[in-house]
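The structure appears below as structure tokens.
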Amino acid sequence: MDRLDELEIFIAILDSGSLVAASRKLRRSPPAITRALGTLEERIGTRLIERTTRHLVATEAGLRLAQQARRVLADYEQTVQEDSSAPLRGTLRVTAPVVFGRRHVAPIVNSYLDQYPEMRVELFTNDRNLDLIEEGIDVGLRIGTLADTSMVARRVGQVQSLLVASPDYIARRGEPMSIADIARHDVIFTAIREKAPEWRFRHNGREQIVTLTPRLIVNEIDAVLLAAKAGRGLARVLSYQVADELKAGTLLRVLPKLDAPDLPVQLIVPSARLMAPKSRAFLDLAIHKLSTLNVLHAR
């Protein structure tokens, strides 16, 4: 096995926290990861990682080696990147929310494939935030505050949470004039995960909770939009998801003066220092393309 390969595996184990996670990140079998670590420890002549029932911890020797290994790998990556004549090759894995991915990330992927004809891209659209390391994903797009602060993030814009309804529904049921009115209306509730049927708002600096009895519960945003346009009730969505519908008048904003804090839209990668050239090229392109989107800047 290549000596640089051993160092890459060692760093992947430390960064991901387990042999299994490292195997997923590097797309190798767990036995191959275990063998590589054993070979490296035998070559160094000391234990590099202590294994506990819950996680892995680097020994003092392991910490020293990790510091040196990161420097060696970074120097290697920089040397490779400096050869501008070498075309990008391989597979890039990208994830994004369903609607945003379809409308805005997919066109970026197409441009990327045009620019780098020897690259392949796997685009996963999912409203559940996939774990980049566990799933072996190179670049992700996230909307909202990041739960994993170890990720390297680049903010590219912001969106807002809105209440909307169709003109037909407003004509039939009237427009709610306050947060309290919402509980008396038909509601289309989005249940991506199991959670209580309620909406939380901030108004005049205070949080208000509206307990709902939804007429319709769905777990996919396209179904929410179809139901809302069909007049089934109020829906809570993100501004980019209904930008076209609001412009066309097929959906209307409800209670537009409600406090609606900006939700950051961010591109994330597992590591900036050891970022592969394929990921850096995609980030550069995505940042440029997303910076021109009105749906990420207009309030």
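Just so we're aligned, residue 1 is where the sequence shown starts under the UniProt record's numbering, counting upward by one. Don't be surprised by glycine CBs; every beta carbon is placed ideally from N, CA and C.
Grouping DSSP H, G and I as helix and E and B as strand, with all else coil, what is residue 266? strand
Mind checking residue 68: buried by the 16 CB within 10 Å criterion, or exposed? exposed
Looking at C-alpha atoms only, which residue of 12, 292, 180, 91 is the closest neighbour of residue 156? 292
If I measure Cβ to Cβ from residue 239 and keep anything under 6 Å in the same chain, skipping five residues before and after, which residues do I get? 159, 160, 162
The region 240–252 touching the region 193–207, judged by at least three CB pairs closer than 8 Å: Cβ pair count under 8 Å is below three, so no.
What number of angstroms, rounded off, separates the C-alpha of residue 94 from the C-alpha of residue 9? 22 Å
For residue 170, which residues in the same chain have their Cβ closer than 7 Å to its Cβ, ignoring the five residues on either side in sequence? The beta carbon of residue 170 sits closer than 7 Å to the beta carbons of 252 from its chain, once the five residues preceding and following it are set aside; these are given in chain order.
Contact defined as beta carbons within less than 8 Å: I believe residue 232 pairs with residue 212. What is the distance between those atoms, to the nearest angstrom? About 14 Å separates the two Cβ atoms, so there is no contact after all.
Would you report the Cα separation of residue 143 and residue 107, rounded to the nearest angstrom? If you take the alpha carbons of residue 143 and residue 107, they lie about 18 Å apart.
Leaving out the 5 sequence neighbours to the left and right, which residues in its chain are closer than 6 Å to residue 266 when beta-carbon positions are compared? 142, 153, 155
Which residues mark the beginning and the end of the beta strand (DSSP E) in which residue 143 is found? Looking at the DSSP string, the run of the beta strand (DSSP E) that includes residue 143 is 139–143.
Report buried or exposed for residue 57, applying the criterion of at least 16 other Cβ atoms within 10 angstroms of its Cβ. exposed
For residue 209, count neighbouring C-beta atoms within 10 Å of its own C-beta (all shown protein chains included) and say buried if the count is 16 or more, exposed if not. exposed
Specify the secondary structure class of residue 74 as computed by DSSP and reduced to three states. helix
What number of angstroms, rounded off, separates the C-alpha of residue 38 from the C-alpha of residue 286? 40 Å
Reduced DSSP secondary structure (H/G/I, E/B, other) of residue 238: strand
Less than 8 Å separating the beta-carbons of residue 11 and residue 70? Yes.
Residue span of the beta strand (DSSP E) that contains residue 208, given as start and end: Looking at the DSSP string, the run of the beta strand (DSSP E) that includes residue 208 is 206–211.
Proximity to residue 268 [Cα-Cα], best of 182, 97, 122, 283: 283
Name the two residues that bound the continuous alpha helix (DSSP H) containing residue 43. 30–44
Around the C-beta of residue 46, are 16 or more other C-beta atoms found within 10 angstroms, so that it is buried, or is it exposed? exposed
Integer-rounded CB distance, given that residue 138 should sit under 8 Å from residue 221: With 8 Å as the limit, residue 221 and residue 138 do not qualify as a contact, their Cβ atoms being about 24 Å apart.
Which residue wins for smallest C-alpha separation from residue 118, given the options 105, 91, 276, 103? 91
Give the secondary structure of residue 62 by DSSP, where H, G and I count as helix, E and B as strand, and everything else as coil. helix
So what does residue 121 bridge to, in DSSP terms? Among the bridge pairs identified by DSSP, residue 121 is matched with 92.
Roughly how many angstroms lie between the CA atoms of residue 185 and residue 228, to the nearest whole one? For residue 185 and residue 228, the gap between their C-alpha atoms comes out near 13 Å.
Just curious, the beta strand (DSSP E) that residue 160 is in, first and last residue? Element bounds for residue 160: n/a, residue is neither H nor E.
Quick one, which of 63, 199, 195, 190 has its alpha-carbon nearest residue 180's? 199
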